[in-house]
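Student: Quick one: structure below, then a few questions.
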Amino acid sequence: MTTPWGEYALARFPEDPRDRLRAWDASDTYLLRHLAESGTPLDGSVVVVGDRWGALTTALAGHGPTQITDSFLSREATRENLTRNEVEADTVRLLTTRDTPPDRVDVLLVRVPKSLALLEDQLHRLAPAVHEGTVVIGTGMVKEIHTSTLRLFERILGPTRTSLAQQKARLILCTPDAATLRARGNDPWPYTYQLPDDIGLLAGRTVVNHAGVFCADRLDIGTRFFLRHLPGGRGGGRVVDLGCGNGVVGTAVALADPDAEVAFVDESYQAVASAAATYRANLPDADGKAEFRVGDGLEGSAPDSVDLVLNNPPFHSHQATTDATARRMFTGARRALRPGGELWVVGNRHLGYHVTLRKLFGNSELVASDAKFVVLKAVKQAS
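If you read the sequence shown in this note's numbering, its first letter stands for residue 502, the second for the next number, and so on.
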């Protein structure tokens, strides 16, 4: 990536030689070019929100920025890209969306997220540190920036306008206003709702969603289908809700089988916080049997240590459609499962997960299907 501060070698995390997607795009370079050409002073507190693979943080490392991200993979990509470019790790501060934000922000740079809710939550959390002299610049591809995006900046921080598009990227230029900052209202997140009455054991149960977690205000149809076909009668064991989101699936297992040890795993800090809140809202006396972990799937889990993995894998990486995340999840599950252990997957019919499972496990069984979804089971064979 070529910037006014030099050229940087960047990669996504984890690196995959088959992945031809870059670790930056035109919106990153547009923002960096604008900072240099406008002479924006970068000697104060610089905060970078939503930097997807660490491109902005790495390029601005000489100014001691604070990065705030909801993604474990983005955070690890930033660490590796700093090392790759021989930047001392202690020159930047890495925070998650669940950490307390800085007390003061002089330059706020926002890579617009896919989730409008996550943007709303982060602007609310940062607003107390923003002042009338703060330079606020958002960036994204044209297709990622909508009228609703601009309205959030205007409602929470102050007057907002957009730049001309360059290479299908656009900037959001916001001028914080004291009156707007005072009148912004309260952060509406997290959001709590009750599950419908027609889903068995979970009927009427509480779900807690922090901003940015999939299907924030209702049970999504894929999870609803999965809940109807979860394995039962296992009598304990170690179960992983992999890609747990708000934790509905793992909570259903814990309610159905009090002897099970359930681990909730996701690469989103917001998701794991949601899963913990959902679990505790429904099993307040059973917290000791649950584990909540942010990470790259089951990477780092002990081999042959898990009895059952339940997975609803994502098939998008930001704007790109890819099965790379699902493949990595399935591979990690196979490594972590004990011989005879099972991976249960729900997914859209057209994704062809049965082919990938047969390659990895040597088997794949169709448990259930409808016009849109399939539930598949793969069993780890003894070596």
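Beta carbons are placed, not taken as given, at the ideal position from N, Cα and C, and that holds for glycine.
Whose C-alpha, out of Ala628, Leu674, Arg836, is nearest the C-alpha of Gly641?
Tutor: The count along the sequence shown starts at 1 and reaches residue 641 at position 140. It is Leu674 whose Cα lies nearest to the Cα of Gly641.
Student: According to DSSP, what are the bridge partners of Leu867?
Tutor: Position 366 of the sequence shown, counted from the first residue, corresponds to residue 867. Its beta-bridge partners are Leu877.
Student: By how many angstroms is the C-alpha of Leu858 removed from the C-alpha of Trp487?
Tutor: Residue 487 is absent from the model: the chain starts at 502 and stops at 884.
Student: Would you give the residue range spanned by the alpha helix (DSSP H) that His625 belongs to?
Tutor: For the purposes of this step, residue 625 is taken as the residue at position 124 of the sequence shown. Element bounds for His625: 617-627.
Student: My understanding is that Ala524 touches Arg513, with C-beta atoms under 8 Å, so please give their C-beta distance in whole angstroms.
Tutor: To locate residue 524, count along the sequence shown from 1; it is residue 23. To locate residue 513, count along the sequence shown from 1; it is residue 12. About 5 Å separates the two Cβ atoms, so the contact holds.
Student: How big is the Cα-Cα spacing for Gly565 and Asn687?
Tutor: If you number the sequence shown from 1, residue 565 lands on position 64. If you number the sequence shown from 1, residue 687 lands on position 186. Cα-Cα distance, rounded: 30 Å.
Student: Does Thr558 pass the burial test, meaning 16 or more other C-beta atoms within 10 Å, or should it be called exposed?
Tutor: As a working note, residue 558 is residue 57 in the sequence shown. When all chains shown are included, Thr558 counts as buried.
Student: Three or more beta-carbon pairs under 8 Å between the stretch 785-794 and the stretch 754-763, yes or no?
Tutor: yes
Student: Just confirm the distance between the C-beta atoms of Gly848 and Pro814, as a whole number of angstroms; I'd bet it's less than 8 Å.
Tutor: As a working mapping, residue 848 is identified with position 347 in the sequence shown. As a working mapping, residue 814 is identified with position 313 in the sequence shown. Rounded, the Cβ-Cβ distance is 7 Å, consistent with contact.
Student: If I follow the unbroken beta strand (DSSP E) through His632, where does it start and stop?
Tutor: Within the sequence shown, residue 632 is the residue found at index 131, counting from 1. Counting along the chain, the beta strand (DSSP E) containing His632 begins and ends at 631-642.
Student: Note the first and the last residue of the continuous beta strand (DSSP E) segment covering Glu792.
Tutor: Position 291 of the sequence shown, counted from the start, is the residue given in the question as residue 792. Note, Glu792: beta strand (DSSP E), 791-795.
Student: Please state whether DSSP places Ala700 in a helix, a strand or coil.
Tutor: For the purposes of this step, residue 700 is identified with residue 199 of the sequence shown, where counting begins at 1. Correcting the residue identity first, residue 700 is Ile in this sequence and not Ala. Note: Ile700 maps to coil in three-state DSSP.
Student: Looking at the structure shown, is Asp742 part of a helix, part of a strand, or coil, going by DSSP?
Tutor: To locate residue 742, count along the sequence shown from 1; it is residue 241. Residue state, collapsed to three classes: strand.
Student: Taking only the alpha-carbon atoms, compute the straight-line gap between Val856 and Ser865 and give it to the nearest angstrom.
Tutor: In the sequence shown, counting from the first residue as 1, residue 856 sits at position 355. In the sequence shown, counting from the first residue as 1, residue 865 sits at position 364. For Val856 and Ser865, the distance between alpha carbons rounds to 8 Å.
Student: Identify, in the order they occur along the chain, each residue of the same chain with its Cβ nearer than 6 Å to the Cβ of Leu809, setting aside the five sequence neighbours on each side.
Tutor: Indexing the sequence shown from 1 puts residue 809 at position 308. Val740, Glu843, listed in sequence order.
Student: Would you check if there are 3 or more beta carbon pairs closer than 8 Å linking the stretch 719-733 to the stretch 822-837?
Tutor: No, because fewer than three Cβ pairs between the stretch 719-733 and the stretch 822-837 fall closer than 8 Å, the two stretches do not touch.
Student: Return the CA-CA distance between Leu703 and Gly733, expressed in angstroms with no decimal places.
Tutor: As a first step, residue 703 must be located in the sequence shown, where it is residue number 202. As a first step, residue 733 must be located in the sequence shown, where it is residue number 232. Whole-angstrom Cα-Cα distance: 14 Å.
Student: Starting from the N-terminal side, write out each stretch of the alpha helix (DSSP H) that is 4 residues or longer and does not extend beyond the stretch 538-625.
Tutor: Runs of the alpha helix (DSSP H) inside the stretch 538-625: 556-560, 573-585.
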